[in-house]
Every structure is written in structure tokens, then in C-alpha cells.
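Asker: This is the structure I want to talk about, given as C-alpha cells.
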Amino acid sequence: MSSTETVDVVIVGAGAAGCLYAARLAQAGKKVVVLESGPAWKLSDLVSSQIWARRLKWSGPLLMQAPGKAVFSHTQSTGSGFGGAALHHYGTWPRLRQADFKSQTLFGQGLDWPINYDDLRPYYDKIQAEMGIAGDAKQEVWRPAAAPYPMPAHTLFKQAKILAKGFKKKGLKTAPLPVIINSQVYNGRAPCLYDGWCEAGCPIGAFANPLVTHFEQARKAGAEFREYSTITRVLSERGSKSKKLVASGVEYIANAKKETINAKLVILASSLVQNPRLLLNSASELQPQGMANSSGLVGAYLTSDAVAIVYGMFNEETENHRGVNAGQLLSRGDHASKSRPDIFGAYQWQIAPSLKPNDLLGIANSRPDLMGKDLHKFMQKAAKHLASMAGFAGAVPSRENRIKLSNENDTYGMPLARLEYTVADNTRALWSHLLKEGSEVMKAAGAKDVWTGPMVGGHLIGGTIMGADPKASVCDSFGCTHDVPNLVLAGSGLFPAGSGTSPTYTLYAVAERSVQQIIKTWANYQQA
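Below, the structure written as C-alpha cells:
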């Protein structure tokens, strides 16, 4: 491949956002190349196996960690290969609520988004119709104004019905969990089999992952996807007319060779760890702090929900092998409540997930203290009688929680990402509240034995936040960096706040809004 290759758009990362951008821009007649560091997964590659599921997780360079109190599950929350994390994520798709966009204004906590719910609503609706969501809007009393779900909610199995009784007794509302998993045939894709292998991908296409949606659309429209292509720098130069810095392309490694591709528009749609790492490594004489980093905020405000996992053992059988990995029911808590006057933060419960013997949400992992005969005895009981749920405590963003460059390099000589992260006292308090609330629900549901797991991380956001003020953010609400007019960022790294809510649906809505703006104002994204 020639180092003088030039395209309209180069996209870094073939995950959820990268595939959507590729599809829309290729359909608009642009020459698009997508560079992905991982393998070229196909549906036929996906195998319902816990060992297989690990292959879909991040397998790139290590994330170094500075001393601190970090709960940041980077590997499980990111992906490697075509489809990215959206190939193995659980498909939980609630919308952010109006208050989630204005945390600082309404509560004096965290950061405001530069847009409101109404700005995203039409894009939520469009993505919903295209991808297909199964749910019951009438039961979701917390759901903002929106188009009805295109599919009915999924079947509830015994585990969900048992736990729903506990929530009801505690005065907490539940609703079927909204997921992008077919409850019936939708857009030619089959309905779910309820065998609980979502984390390993979905070879029948019931789960609306990128391989059966925007990846295929992009390929049909002419976009080119290149696997095992690892980006090391975004290239820049002075614009021929404005003399301002513009992105001119990217440098990457493929087949052990350094290559360059020039582009009129560069879109970084890698993870919220790799995007800041790449920007910081793309420092130049004109931008010595890193590309698009005049604010000093590239890598800052990295945020992870603190996940509270609660288990209960019941005398009755729970059918815990049936359903989907995400869970069967949802319950959401507001930012502030009289029940916890000194603890701030919104949260969501994902209730009654399908369980496997081991791995991430496995039965054996619920009791890591047991070994040998004790573990065997526990597994025999738990395989049919265990119930579980996970509460996601929303953390308040902190500027100090961030990605920096390490002094250590990867195999290509690029500095590794270094995480500096501390869980705030308020986040720990909200997590503890969820452990207490969840345990009370389990007991109210009739559990004979209740226990909890350690704090883990989930729902990652931040690192390249959007905002109206270039001094207080990295990019605008469309992902266009304030410093470099033809460099666009994508993914949940743009989110200033997340509110304990699964981010992928909002990631899609933000990307759809952005790509429509790019197409509408294409001339603005050219080299100046």
C-alpha cells in the first residue's frame, strides 16, 4: 500500500460508533476506510462458549495503573476486532433522562452536557427503529417521552418473577429490561433463544450487534475495513489557507510495516482509553500537550460506575440458566432521594441475568471463598436455586481521574496508557446503599441465604468530554474537537456524565446526531 493513499474519511475503530459512521458516510458517497487493531470477526466465528467469550474482550496493549483506589474494568468493557465491545456487550438500552443531562445545574454535582434530552430524542427514536428494542414503555415510569418500543418485552422466567416480588414489597418499581435483542422476528433477524450466551456474541443475529447492522451496511456502501491495523499517531499539518492545524491522516502498523493514510476527515472511534492515548501521543510542535488538548482535558474526567452484585439462594427453583445476560427486569433510582439524603447519585438495577457455571457473572464466581467439596456442594444447589442482580452506582466525574501516557512502551514503541483513578467517598457510599437495598429485596423475595460481591467497575465514560466551552472540554456536542476542525471523536468518552445508566444506546444516538451534521456540513470538515 502506498504511503500517499488518500481517502475522504479514515475511521479508527470498528466498534459501534465506528461502524455507524462508516455506514452513513459511505452511503453519502464518501470514500471511507476503517482501521481496526483486532481481527475480522464474522457471525460464523461466534461460539457459545465461556472461553470463546474472552476472545471478544480487549486484547491490545496493557492499561498501566498508578497507585490508587481504582475500580475500572477496562478489559471487560472494551472489545477487539470488528464489532468492538458492542459484539459482546449485554444490550441493555435505557435512555438517559432529562435530569441526567443537567446534573450540575439541578443538583450542583458533576458536569452538565452541552445538549438536552430533546436534542437527542429524534436520534434515539431513529436508532431504536433501525436496531429494534424489546421493552414495555408503560411499565417504565422513569422513561422520558419517546416513540414506543418496536417490539414487545421479553418473556419473564422464574428468577425474574421471584425477584420482582421482593422489589414490590420494598416499594420499588420494576419493568422489563429494554434490550436490543429480538423478542420476535425483526428486520429479518431471528428472535432470541433465551440460552444466555449474549456475552459470546450472537451467531443467529437476534442481538443487534454491529456485524448484523451498520458493519454490513457500510461494506455494501463501499466502505473498506482493514483488520490488524494498529494506529500510532494522528498526523497534522498547517492548513494551506487558514494556516491553522488540521488533521491530515493517520500513521498505523499493518503486517509489521508502518503505513500512512491521508484523509480529509479523521474520526477516532476507539475506546475511551485508546482515544486519549492516541491524542496524547500525537503531540506536535503546534500542539505540544497532545492533539486537541489546549484545554489540558484529554484523558480527564474518566468515570466508571461502581457495580454492586447481590446474590440469593432460594428453596424454589429459579430457572437461572434461562434468559439473556443483561437481565430480565430493570429498576432505576433518581439522583437524590429522601431515603439517602447524604448520598448523591442515580443508579440502575439489572435483575435476574442468565447465569453460567463460571466467568464474569458465573455461579462459581459468586462464592470465590469456596474450594473443593464445599464448592461442588454449593454448585449443585446454586445451579437451580441461585438468583442475582447487579446495581450500577453512578459516579460523579472528577478531573483527577484520567488517562496519561506511561513511561513504558508497547511493542510498536508507542507509550502505554496509564490510569490514575480513585473511587470517591460518595460513590462508595452509593455502592454500599445498593448492597443494603439489594440484600433487603432478596430477603423480601424469600431468599434463605443472601450475600454480596466485591465492588467492580462498569459503564465507562469520559476522557474526551464534550462541551460548549473550549477551555472546559475537548470537543463540541457533535464530537468535533475544538482545536482541530476536521478531527472528530466518537464513543462514550464524549459523555460529561452518565448517571449509572448503560451508555451504548446514548453512544449510538450521539453518533447519529454527529454524522448527520457532518454530512450536512461536509465542506466545514475539509482541510482548510
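Going by this note's numbering, the sequence shown opens with residue 2, and the numbers climb by one from there. All C-beta atoms in this analysis are idealised placements derived from N, C-alpha and C, irrespective of residue type, glycine included.
(1) Can you give the beta carbon distance from serine 237 to serine 249, rounded, assuming they're within the 8 Å contact cut?
(2) So, for alanine 446: in the same chain, excluding its five sequence neighbours on each side, which residues have a beta-carbon less than 6 Å away from its beta-carbon?
(3) Spatial neighbours of proline 145 within its chain, please: C-beta separation below 7 Å, excluding the five flanking residues on both sides.
(4) What is the rounded straight-line gap between the Cα of serine 340 and the Cα of glycine 334?
(5) Could you pull the start and end residues of the beta strand (DSSP E) that phenylalanine 168 belongs to?
(6) Kindly give me the distance between the Cβ atoms of asparagine 487 and leucine 266, rounded to whole angstroms, as I take these residues to be in contact under 8 Å.
(7) For tryptophan 143, which option in Gln105, Met456 and Asp101 has the closest C-alpha, if you only look at C-alpha atoms?
(8) Note the first and the last residue of the continuous beta strand (DSSP E) segment covering leucine 64.
(9) Any idea if asparagine 276 is buried or exposed, counting beta-carbon neighbours within 10 angstroms, 16 or more meaning buried?
(10) For my contact list, isoleucine 128 and glutamate 513 are in at a C-beta cut-off of 8 Å; report their separation, rounded to the angstrom.
(11) Quick check on asparagine 210: does DSSP put it in helix, strand or coil?
(12) Can at least three beta-carbon pairs, one atom from the segment 426 to 437 and one from the segment 376 to 389, be found at a separation below 8 Å?
(13) Buried or exposed: where does methionine 152 fall if 16 or more other Cβ atoms within 10 Å of its Cβ makes it buried?
(14) What separation, rounded to the nearest whole angstrom, lies between the Cα atoms of valine 475 and alanine 161?
(15) Can you check whether the CB of arginine 403 is closer than 8 Å to the CB of leucine 303?
(16) Give me the Cα-Cα distance between alanine 207 and glycine 189, rounded to the nearest whole angstrom.
(17) Mind pulling the beta strand (DSSP E) runs of 3 or more residues that sit fully within the segment 338 to 406?
(18) One question on the structure: do isoleucine 1 and leucine 298 come within less than 8 Å of each other, judged by their Cβ atoms?
(19) What do you get for tyrosine 413, buried or exposed, if any count of 16 or more other CB atoms within 10 angstroms of its CB means buried?
(20) Would you please verify whether the beta carbon of isoleucine 134 is less than 8 Å from any beta carbon of chain C?
(21) Anyone know if the C-beta pair for glycine 84 and tryptophan 114 falls short of 8 Å?
(22) Quick one: what's got a C-beta closer than 6 Å to threonine 7's C-beta in the same chain, skipping five residues either side?
(23) Am I right that alanine 135 and alanine 148 are in contact with their C-beta atoms under 8 Å? What's the rounded C-beta distance?
(24) Determine, using beta carbons only, whether tyrosine 124 and alanine 491 come nearer to each other than 8 Å.
(25) For proline 398 versus glycine 463, is the C-beta distance shorter than 8 Å?
(26) So what's histidine 460 in DSSP terms, helix, strand or just coil?
(27) Would you report the Cα separation of aspartate 126 and methionine 372, rounded to the nearest angstrom?
(28) Would you identify the three-state DSSP class for methionine 443, choosing helix, strand or coil?
(29) Exposed or buried, what is valine 48 when buried is set at 16 or more other beta-carbons lying within 10 Å of its beta-carbon?
(30) Could you check if threonine 1 is buried or exposed, using at least 16 other CB atoms within 10 Å of its CB as the buried criterion?
(31) Per DSSP, which residues does proline 153 bridge with? Please list them.
(32) Determine, using beta-carbon pairs with one atom in the segment 314 to 330 and one in the segment 518 to 526, whether at least three such pairs fall under 8 Å.
(33) Just curious, the beta strand (DSSP E) that tryptophan 198 is in, first and last residue?
(34) For isoleucine 52, count neighbouring C-beta atoms within 10 Å of its own C-beta (all shown protein chains included) and say buried if the count is 16 or more, exposed if not.
(35) Determine, using beta carbons only, whether alanine 337 and glycine 395 come nearer to each other than 8 Å.
(36) So, is alanine 219 buried or exposed, given that buried needs 16 or more other C-beta atoms within 10 angstroms?
Answerer: Let's see:
(1) 6 Å
(2) Ile163, Leu164, Lys166 and Gly167
(3) Arg96, Arg98, Gln99 and Tyr118
(4) If you take the alpha carbons of serine 340 and glycine 334, they lie about 11 Å apart.
(5) Segment 159 to 170 is the alpha helix (DSSP H) holding phenylalanine 168; no beta strand (DSSP E) there.
(6) 5 Å
(7) Asp101
(8) 64 to 66
(9) So asparagine 276 counts as buried.
(10) 6 Å
(11) coil
(12) no
(13) buried
(14) 42 Å
(15) Yes, Cβ-Cβ distance for leucine 303 and arginine 403 is below 8 Å.
(16) Approximately 10 Å between the Cα atoms of the pair.
(17) 348 to 352 and 387 to 394
(18) As displayed, the chain neither begins before 2 nor continues past 529, which places residue 1 out of reach and without an answer.
(19) exposed
(20) The chain inventory of the structure shown lacks chain C, comprising one protein chain alone.
(21) no
(22) The residues are Asn263.
(23) At roughly 14 Å, the Cβ-Cβ gap does not stay under 8 Å, so alanine 135 and alanine 148 are not in contact.
(24) no
(25) yes
(26) strand
(27) The alpha-carbon atoms of aspartate 126 and methionine 372 are separated by roughly 49 Å.
(28) In the three-state reduction of the DSSP assignment, methionine 443 falls in the helix class, which pools H, G and I.
(29) exposed
(30) Look at the range of the chain in this structure, 2 to 529, and you will see that residue 1 is not part of it.
(31) Note: proline 153 sits in no beta bridge, so no partner.
(32) no
(33) Where tryptophan 198 is concerned, there is no enclosing beta strand (DSSP E), given that its DSSP letter is neither H nor E.
(34) An exposed status is given to isoleucine 52, since fewer than 16 other beta-carbon atoms sit within 10 Å of its beta-carbon.
(35) No.
(36) Alanine 219 comes out buried.
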